[in-house]
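S.K.:
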Amino acid sequence: MYQDEKIKSPPYFSIVMPTFNHVSTIAESLDSILIQNFTNFEIIVSNDGSDESYEAVKDRYSAEPRVKWHLDQGNLGYCGNLRRAMDKASGKVIFYFASDDVMGVGALSAYFDAFSENPQVKAIARTYFAYEEKPSIPIRAKPVIGNKQFEIISLDSQLKDIKSVFSTLDQLSGLAFYKEEIRILPNDHVFPSHAYPVADIFSRTGVLGYFNKDYLAVRVGESQCRTVSKIYDISPVETWDIFLRTIFMQSHPEIYKYLSKNWIAKNPIGLFQIANFSQKPLYYVLREWVIMCKLNPTNLLSIWMYCSLLMSIFIPKVALIMLIDFIKIKLNKSFIRKIFFVKPEFN
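Positions 281 to 627 (the working numbering) are the ones given, in order, by the sequence shown.
1. Pick helix, strand or coil for R525, following the three-state DSSP scheme.
2. Keeping to the same chain, check which residues put their C-beta closer than 6 Å to that of E431; ignore five residues upstream and five downstream.
3. Find the nearest neighbour of L452 within the set M572, V470, T485, P548, judged by alpha-carbon distance.
4. By a C-beta neighbour count over all protein chains shown, 10 Å radius and 16 as the cutoff for buried, is T448 buried or exposed?
5. Would DSSP call S396 helix, strand or coil?
6. Using a Cβ-Cβ cutoff of less than 6 Å, which residues in the same chain neighbour N317 once the five nearest sequence positions on both sides are dropped?
7. DSSP state of N317, grouped into three classes?
8. Straight-line CA distance for I306 to Q429?
9. If I measure Cβ to Cβ from N355 and keep anything under 6 Å in the same chain, skipping five residues before and after, which residues do I get?
10. By the three-class DSSP mapping on this structure, what secondary structure does E412 have?
11. With DSSP collapsed to three states, give me the class of V303.
12. Relative to the C-alpha of E460, which candidate in F293, V373, D468, T578 has its C-alpha closest?
13. What's the C-alpha gap between G543 and V478?
14. Pick out the complete alpha helix (DSSP H) segments inside the stretch 459 to 511, 4 residues or longer, and give them in chain order.
15. Does V622 come out as helix, strand or coil in the three-state DSSP assignment?
16. Mapping DSSP to helix, strand and coil, what is A545?
17. Tell me the rounded alpha-carbon separation between S614 and H350.
18. What does the Cβ neighbour count give for W569, buried or exposed, with the cut at 16 atoms within 10 Å?
19. Identify every residue that forms a DSSP beta bridge with I404.
20. Residue ranges of each alpha helix (DSSP H) run of no fewer than 4 residues wholly in the stretch 324 to 386, ordered along the chain?
21. If we ignore side chains and look at the alpha-carbon of each, how far apart do H474 and A365 end up?
22. Along the alpha helix (DSSP H) that carries S592, what are the first and last residues, could you check?
23. In terms of DSSP beta bridges, what is E322 paired with?
24. Measuring straight from C-alpha to C-alpha, what distance separates C359 and K288?
25. When you compare the CB positions of N361 and S304, do they come within less than 8 Å of one another, or not?
26. To the nearest angstrom, how far is the alpha carbon of K440 from that of E344?
27. Which residues bound the alpha helix (DSSP H) around S444?
28. Mind checking L524: buried by the 16 CB within 10 Å criterion, or exposed?
29. Within the continuous beta strand (DSSP E) that includes F430, where are the two ends?
30. Does the beta-carbon of E308 have 16 or more other beta-carbons within 10 angstroms, so that it is buried, or is it exposed?
Printed below as a string of structure tokens:
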């Protein structure tokens with residue numbers, strides 16, 4: 281059980297926080313970390329050449345030595361900035377955290393206990409829930425596996441459980457791993473970039489920790505999936521397939537085939553996102569649909585796949601955005617699992 285040790289050198293956690301134009305949200309993210317009962321950490325804030333000035337936010341935390349600011353830097357893009365931030369980390373464990381998300385009470389001490397009590401675990405993933413304005417109003421939630429707060433999955437676990445865990449790797453925050461275990465850095469494909477170190481460690485060590493407790497509230501309203509249209513220039517599904525091939529194709533081909541067919545090829549909702557926010561909606565939607573059908577030919581028999589395609593093509597963008605927002609905010613409430621998240625109380 282964790283006992284407060286104050287900050288040491290080097291720190292236990294290096295909380296890696298890449299940021300771009302998140303001046304309006306980063307203070308809440310930082311406060312949710314700094315209020316944790318676990319104190320032995322540093323926060324690496326790495327600005328990716330934002331248009332907004334972070335100086336006022338930096339001044340607010342001038343008395344907090346655990347926050348390390350790296351603001352006057354050029355724009356490398358999400359992937360390059362993430363690698364740059366990781367390179368500045370001095371802690372034992374790298375802990376990803378986005379500059380617009382909120383960390384729940386007790387998160388860091390729970391991660392510390394999980395690593396300490398399970399020495400075979402070198403990387404940890406987690407469930408999470410997403411929100412737009414307030415964590416108290418979730419719009420979707422990722423799955424839980426088993427009945428315990430913390431589970432350990434292995435390469436021999438049921439493939440459906442591995443799929444459930446990998447479905448949570450689409451978000452940065454809350455993925456944690458030993459720095460000394462890194463063999464593969466985040467690559468230049470935006471969507472799966474951050475997941476490479478975690479997945480590679482799982483493939484090599486054979487185990488991956490997984491928190492079923494909701495320690496992460498992920499804000500999606502200002503996501504780059506909505507604000508940076510060029511990230512769709514390369515097919516998201518194709519980059520996830522490259523990710524799975526890189527991690528599993530040679531060592532565990534059965535896992536690659538299952539995840540490729542039953543996870544990344546089964547995401548017709550992604551067509552709406554591409555239609556709404558990409559630079560070439562018609563071309564990119566058709567391209568994505570074809571790739572999903574190639575990875576899983578049974579998609580050609582799916583009515584939902586055809587409906588998603590037609591809706592993405594023919595419903596005007598404004599109407600489609602309104603429809604998706606209505607589904608997420610109004611209808612999804614009836615189907616979201618119960619959320620167990622304790623939001624920190626700030627002064």
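We put the CB at the ideal spot given by N, CA and C, even for glycine.
M.R.: This is what the structure holds:
1. helix
2. I425, Y490
3. V470
4. buried
5. helix
6. S389
7. coil
8. 28 Å
9. D328, G329
10. coil
11. coil
12. V373
13. The sequence as given places Trp at residue 543; Gly does not occur at that position. The straight-line gap from Cα to Cα measures roughly 18 Å.
14. 476 to 485, 504 to 507
15. coil
16. coil
17. 43 Å
18. buried
19. A456, G489
20. 335 to 340, 357 to 367
21. 12 Å
22. 583 to 594
23. S294
24. 29 Å
25. no
26. 43 Å
27. 439 to 446
28. buried
29. 430 to 434
30. buried
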